[in-house]
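Per my numbering, numbering of the sequence shown is gapless, rising by one per residue and ending at 77.
Scroll down for the structure; my scribbles are underneath it.
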Amino acid sequence: MDLDDIRPLKKPDIVIGEDLALLSVAELEHRVHLLEAEVVRIREAIADKQSSKAAADAFFRS
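Set out below in structure tokens:
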């Protein structure tokens, strides 16, 4: 048996489209901070993938 089979799934911190009416201003600001950090992380991943693709393209053109 794998530990992943018995460990409960963690609820995500943010659910896209979730009702925001019950969240406080502080909770909303925290959510914005988390989402901005995630956007930065995604942009870095995109840049890494584009760099890898460019290197591969250059290698195979030679």
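C-beta: ideal position from N, C-alpha, C; glycine also.
Item	Value
Spatial distance of Arg56 from Val47 (CA atoms)	14 Å
Leu35 beta carbon less than 8 Å from that of Arg43	Checking the sequence, you will find Leu at residue 43 rather than Arg. For Leu43 and Leu35, yes; Cβs fall inside 8 Å.
Whole-angstrom distance between Lys68 and Ala62, CA atom to CA atom	10 Å
Span of the alpha helix (DSSP H) around Glu33	Per DSSP, Glu33 belongs to no alpha helix (DSSP H) and is neither H nor E.
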